[in-house]
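Participant: Before we start, here is the structure in question, set down as structure tokens.
Number of protein chains: 2
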Amino acid sequence: MPSKYKVLLVGSGALGVVAAYTLEYNGFAEVTVVVRSGYKKASTEGYKIDSIQFGKIESWKPSRVVPNVEEAIANGEVYDYIFTSVKNLPDSPTPCEQILEPVLKANTKATVILCQNGLDIEKPFLEKFPGHVILSCVSLIGCTNIDCVVNQMTPDNVQIGVFENPTIKDKEEAERKLDEFISIYKMENGKNVVKKDVNPRLTRWQKLVYNAAINTSTALTDLDCSRAAMAGCKESIWRPIMREIYAIAKSDGYILPPDLEENMLRISDGLFYTPSMLVDVRLNRMVEVEVIVGNPLRIAQRNGVDAPHLSMTYHLLKMVQFRIMEKQKIITVDDSVREFKNPDAQDNVL
Amino acid sequence: MPSKYKVLLVGSGALGVVAAYTLEYNGFAEVTVVVRSGYKKASTEGYKIDSIQFGKIESWKPSRVVPNVEEAIANGEVYDYIFTSVKNLPDSPTPCEQILEPVLKANTKATVILCQNGLDIEKPFLEKFPGHVILSCVSLIGCTNIDCVVNQMTPDNVQIGVFENPTIKDKEEAERKLDEFISIYKMENGKNVVKKDVNPRLTRWQKLVYNAAINTSTALTDLDCSRAAMAGCKESIWRPIMREIYAIAKSDGYILPPDLEENMLRISDGLFYTPSMLVDVRLNRMVEVEVIVGNPLRIAQRNGVDAPHLSMTYHLLKMVQFRIMEKQKIITVDDSVREFKNPDAQDNVL
């Protein structure tokens, strides 16, 4: 065991900062945090944290803050763990595996922890970085990070497991890495919940029952969960999509618990909760449509499962993604040929 | 034949102003226009019109401008025709038939012209106002009305027919009214296109092929037609919805022409056209979801036609309608119990 494990943390949203703080607080890890936006403030003033788990911290800086992954390995640094909580956007100009490529090529023994939503998120890693252990981390936490001011409202609650990985011969080594990471992340006094996940794909299918129905429809309509329910979507949208997820999971070999559907339908009752995808839409950030909807839909198509509600959801969200990518100037459209000069005020009859 | 026909025009959008101008220009009608918003300007300064059909008109006032329907009949006025081009919103606090109720109760012989999108829009009129002839007017026109400045970019093009109406005994009388209205609306020199519609329900099913697929999906995603097509929705969204409309129309006894689907898919190619429903969403005005999607969907349910794409479209648009109605304070939601204070900045993981 090294004096301290070296962890590279990529994705400095609130969740990432809480994870970095937890790892250094426990004392077994030295964390380098990649901060792509807000680097200057994070590296000079550090973070102000108000946490249900740690109390109020006026100013905290991780062992090291770097502006990008390249800088994190500029001097041949070696990392035991690469923890990533960036949004998983395969359709963006810089998908997650591309961001991590330099460090994974340089650190062939590093274990990757993907703390992200969605299904089949490990697949690009298995392909591009064979031999790396890839861990699944499914998180439940309510927290915000606004300009280096972090608020954590609910305790950290994660399930961590080993992704199925045909590129690894030594399965026991993968299990050891899992146990090791859990041991350096879990707090002594039970202040965070860190569970070993023996079936990460099942866990991810279960979380998709919520995400594929509720994140998506609230993002498409700009309504929080409670307003969406008031507008009648539980029976007309959420339940039909959830049932399609059940059927697709089944075709993939995973039987989801029957009571999960009802629980997920009720979990946000009265909370006026804003799912992450709706937050992204409101902030004009790309949405995780491919890993939350696209990947399960492709499994449905492969396995011949009829999923028209999920298909509509996917393709409407791809249109929203197009709109966001144009606003972010990732896509450029020449509309100089448009017919009418003032289309927004048109009394159109079509 | 009276010296001049008396027409009450309700709905003073660009289309309504063009219709009123046309009727008075032709010289056979005296038009009273109900102007609910912008009454003061319309009744004093009148309209400035720039029209492909009539040229530039500095200032034009209809024979009479009134602020509401009640005022239009305050002195026992009798109207031969009630032409309405207000949005058809059965789910609003003041649906169309309620707006027209005073004048129709007072004018039991008046013929109603519904110049509006959607299917089954005549049904509330048949029920509430039996004995009135109800005409269908399906319009194609590109025009705007911004604060009494009217621009007409494409020629007026309407199809007018008689709605099937079991409350009327004298079918020939209805046909006479249709011919009469066409004769006072049609311009001599062919400057407007006014066609007699022998099968208005078929015409409306045909227009729905466009409206139910294209207005809806562009409204849900805030993308004009060309951007929507670039985002891939022609095959994934528009065609599946169009095929469901074909199937529902068939179950209703109407066989739509096979080439219509392809024509409607291509009709807006390259135009960056903003369909009326997207215009409404952008301006936070209620959308015509019930007459464009709800009514055909109810026929599908009644006739046992599977229409999951149309169903998703309908229920997502009902959520958008909820959002718009809350913004317009038609609906009030008490969200004081919301869990997090700053939901828009949350790094939510659900």
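Protein chains in written order, with our numbering: chain S, 1 to 350; chain L, 1001 to 1350.
Using N, Cα and C, we set each Cβ at its ideal position, and we do this for glycine too.
#1: Are residue 290 (chain S) and residue 68 (chain S) touching if we call contact CB-CB under 9 Å?
#2: With three or more C-beta pairs closer than 8 Å as the rule, is the region 293-302 of chain S touching the region 115-135 of chain S?
#3: Run through chain S and tell me which residues come within less than 7 Å of residue 1233 (chain L), C-beta to C-beta.
#4: List the residues of chain S that residue 1062 (chain L) touches, going by C-beta distances under 9 Å, in chain order.
#5: On a CA-only basis, which of L:1056, L:1336 and L:1046 is nearest residue 270 (chain S)? Give me that one, please.
#6: Going along the region 1214-1248 of chain L in order, which residues come within less than 8 Å of chain S, judged by CB to CB distance?
#7: Residues of chain S with CB under 9 Å from residue 1036 (chain L), in chain order?
#8: So, does the CB of residue 1309 (chain L) fall closer than 9 Å to a CB anywhere in chain S?
#9: Who are the neighbours of residue 83 (chain S) on chain L, taking C-beta pairs under 7 Å?
#10: In or out: residue 1283 (chain L) buried (at least 16 other Cβ within 10 Å) or exposed?
#11: Tell me, to the nearest whole angstrom, how far the beta carbon of residue 1194 (chain L) is from that of residue 1014 (chain L); I am working on the premise that it is less than 8 Å.
#12: The beta strand (DSSP E) that contains residue 1218 (chain L), what's its start and end?
#13: Starting from residue 1112 (chain L), trace the alpha helix (DSSP H) in both directions and tell me its first and last residue.
#14: If you count every other CB in all the chains shown that lies within 10 Å of the CB of residue 288 (chain S), and 16 or more means buried, which is it?
#15: Classify residue 349 (chain S) as helix, strand or coil using the three-state DSSP reduction.
#16: Pull up the distance between the alpha-carbon of residue 1049 (chain L) and that of residue 1143 (chain L), whole angstroms please.
#17: Which residues of chain S have a Cβ atom closer than 9 Å to the Cβ of residue 1323 (chain L), listed in chain order?
#18: Quick check on the burial criterion: 16 or more other C-beta atoms within 10 angstroms. Buried or exposed for residue 227 (chain S)?
#19: Which residues, in chain order, does the region 28-60 of chain S contribute to contact with chain L at a C-beta distance below 8 Å?
#20: If we count the other Cβ atoms within 10 Å of its Cβ and call it buried at 16 or more, is residue 258 (chain S) buried or exposed?
#21: Which value, in whole angstroms, describes the spacing of the CA atoms of residue 1141 (chain L) and residue 211 (chain S)?
#22: Using alpha carbons as the reference points, say which of S:254, S:248 and S:300 lies closest to residue 400 (chain S).
#23: To the nearest angstrom, how far is it from the Cα of residue 6 (chain S) to the Cα of residue 187 (chain S)?
#24: For my contact list, residue 38 (chain S) and residue 148 (chain S) are in at a C-beta cut-off of 8 Å; report their separation, rounded to the angstrom.
#25: Tell me the DSSP secondary structure of residue 139 (chain S) in three-state form.
#26: Mind checking the region 263-280 of chain S against chain L and listing, in chain order, the residues whose C-beta falls within less than 7 Å of any C-beta there?
#27: At what residues does the beta strand (DSSP E) containing residue 245 (chain S) begin and finish?
#28: Would DSSP call residue 1174 (chain L) helix, strand or coil?
#29: If you measure between the beta carbons of residue 1261 (chain L) and residue 1243 (chain L), is that distance less than 9 Å?
#30: Cα separation between residue 281 (chain S) and residue 35 (chain S)?
#31: Under a three-way DSSP split, which group does residue 1056 (chain L) fall into?
#32: Where does residue 99 (chain S) fall in DSSP's three states?
#33: Can you pull the chain L neighbours of residue 333 (chain S), defined as C-beta to C-beta under 9 Å?
#34: Under 9 Å between beta-carbons, which chain L residues line up against residue 187 (chain S)? List them in chain order, please.
#35: If you follow the beta strand (DSSP E) that residue 159 (chain S) is in, where does it begin and where does it stop?
#36: Can you give me the Cβ contacts of residue 325 (chain S) inside the same chain, cut-off strictly under 7 Å, excluding the 5 residues immediately before and after it?
Facilitator: Taking the definition as stated:
#1: By one-based count along the first sequence, residue 290 (chain S) stands at place 290. By one-based count along the first sequence, residue 68 (chain S) stands at place 68. Contact: no.
#2: Between the region 115-135 of chain S and the region 293-302 of chain S there are three or more inter-stretch CB-CB distances shorter than 8 Å, so the stretches are counted as touching.
#3: Here residue 1233 (chain L) corresponds to residue number 233 of the second sequence, with the count starting at 1. Neighbours of residue 1233 (chain L) on chain S, chain order: 315 and 319.
#4: If you number the second sequence from 1, residue 1062 (chain L) lands on position 62. Result: empty, since nearest Cβ-Cβ is about 17 Å, beyond 9 Å.
#5: Translated into the one-based positions of the first sequence, residue 270 (chain S) becomes position 270. With distances taken between Cα atoms, residue 270 (chain S) lies closest to L:1336.
#6: So the close ones are 1214, 1215, 1217, 1220, 1221, 1222, 1223, 1224, 1226, 1227, 1228, 1230, 1231, 1232, 1233, 1236, 1237 and 1240.
#7: In the second sequence, counting from the first residue as 1, residue 1036 (chain L) sits at position 36. Under the 9 Å cutoff, chain S gives no residues; its nearest Cβ is about 15 Å from residue 1036 (chain L).
#8: The sequence position of residue 1309 (chain L) within the second sequence is 309, counting from 1. The beta carbon of residue 1309 (chain L) sits closer than 9 Å to some beta carbon of chain S.
#9: Within the first sequence, numbered from 1, the residue matching residue 83 (chain S) stands at position 83. Under the 7 Å cutoff, chain L gives no residues; its nearest Cβ is about 14 Å from residue 83 (chain S).
#10: Here residue 1283 (chain L) refers to the residue found at position 283 of the second sequence. Residue environment for residue 1283 (chain L): exposed (fewer than 16 other C-beta atoms within 10 angstroms of its C-beta).
#11: If you number the second sequence from 1, residue 1194 (chain L) lands on position 194. If you number the second sequence from 1, residue 1014 (chain L) lands on position 14. Not confirmed; about 18 Å, so no contact.
#12: Translated into the one-based positions of the second sequence, residue 1218 (chain L) becomes position 218. In the DSSP assignment, residue 1218 (chain L) falls outside any beta strand (DSSP E) and within the unbroken alpha helix (DSSP H) covering 1216-1221.
#13: In the second sequence, residue 1112 (chain L) corresponds to position 112, counting from 1. From DSSP, residue 1112 (chain L) is part of no alpha helix (DSSP H) but of the beta strand (DSSP E) over 1111-1114.
#14: Locating residue 288 (chain S) in the first sequence gives position 288, counting from the first residue. The residue is buried, with at least 16 neighbouring Cβ atoms inside 10 Å.
#15: For the purposes of this step, residue 349 (chain S) is identified with residue 349 of the first sequence, where counting begins at 1. In this prediction, residue 349 (chain S) has a pLDDT of 47, which is less than 50 and means its spatial position is unreliable; what the coordinates show is noted afterwards. Reduced to three states, the DSSP call for residue 349 (chain S) is coil.
#16: Residue numbering aside, residue 1049 (chain L) sits at position 49 when the second sequence is read from its first letter. Residue numbering aside, residue 1143 (chain L) sits at position 143 when the second sequence is read from its first letter. Spanning the two alpha carbons is a distance of roughly 10 Å.
#17: For the purposes of this step, residue 1323 (chain L) is taken as residue 323 along the second sequence, with counting starting at 1. Neighbours of residue 1323 (chain L) on chain S, chain order: 221, 222, 223, 227 and 231.
#18: If you number the first sequence from 1, residue 227 (chain S) lands on position 227. Flag for residue 227 (chain S) reads buried.
#19: Only those residues of the region 28-60 of chain S whose C-beta falls short of 8 Å from the nearest C-beta of chain L would be listed, and there are none.
#20: Translated into the one-based positions of the first sequence, residue 258 (chain S) becomes position 258. Under this definition residue 258 (chain S) is an exposed residue.
#21: For the purposes of this step, residue 1141 (chain L) is identified with residue 141 of the second sequence, where counting begins at 1. For the purposes of this step, residue 211 (chain S) is identified with residue 211 of the first sequence, where counting begins at 1. Taken atom to atom, the span from the alpha-carbon of residue 1141 (chain L) to that of residue 211 (chain S) is near 42 Å.
#22: Because chain S is modelled from 1 through 350, residue 400 (chain S) falls outside the range shown and cannot be assessed.
#23: Start at 1 with the first residue of the first sequence, and residue 6 (chain S) comes out as number 6. Start at 1 with the first residue of the first sequence, and residue 187 (chain S) comes out as number 187. So the alpha carbons of these two residues sit roughly 18 Å apart.
#24: In the first sequence, counting from the first residue as 1, residue 38 (chain S) sits at position 38. In the first sequence, counting from the first residue as 1, residue 148 (chain S) sits at position 148. Rounded, the Cβ-Cβ distance is 6 Å, consistent with contact.
#25: Indexing the first sequence from 1 puts residue 139 (chain S) at position 139. Looking at residue 139 (chain S) - three-state DSSP - the assignment turns out to be strand.
#26: Cβ contacts with chain L: 270, 271, 272, 273, 274, 275, 276 and 279.
#27: Within the first sequence, the letter at position 245 stands for residue 245 (chain S). Note, residue 245 (chain S): premise wrong, no beta strand (DSSP E); alpha helix (DSSP H) at 239-251.
#28: In the second sequence, counting from the first residue as 1, residue 1174 (chain L) sits at position 174. Note: residue 1174 (chain L) maps to helix in three-state DSSP.
#29: Stepping through the second sequence from its first residue, residue 1261 (chain L) is reached at position 261. Stepping through the second sequence from its first residue, residue 1243 (chain L) is reached at position 243. For residue 1261 (chain L) and residue 1243 (chain L), yes; Cβs fall inside 9 Å.
#30: Translated into the one-based positions of the first sequence, residue 281 (chain S) becomes position 281. Translated into the one-based positions of the first sequence, residue 35 (chain S) becomes position 35. Rounded to the nearest angstrom, the two C-alpha atoms are 22 Å apart.
#31: Indexing the second sequence from 1 puts residue 1056 (chain L) at position 56. Three-state result, residue 1056 (chain L): strand.
#32: By one-based count along the first sequence, residue 99 (chain S) stands at place 99. When DSSP states are grouped into helix, strand and coil, residue 99 (chain S) belongs to the helix group.
#33: As a first step, residue 333 (chain S) is located in the first sequence; it is residue number 333 there, counting from the start. Correct list: 1226, 1227, 1230 and 1272.
#34: In the first sequence, the residue the question calls residue 187 (chain S) occupies position 187. Simply none; closest approach about 19 Å.
#35: If you number the first sequence from 1, residue 159 (chain S) lands on position 159. The continuous beta strand (DSSP E) containing residue 159 (chain S) extends over residues 157-162.
#36: Against the first sequence, residue 325 (chain S) aligns to sequence position 325. In chain order, 286 and 331 place their CB closer than 7 Å to the CB of residue 325 (chain S), counting only its own chain and leaving out the 5 sequence neighbours on each side.
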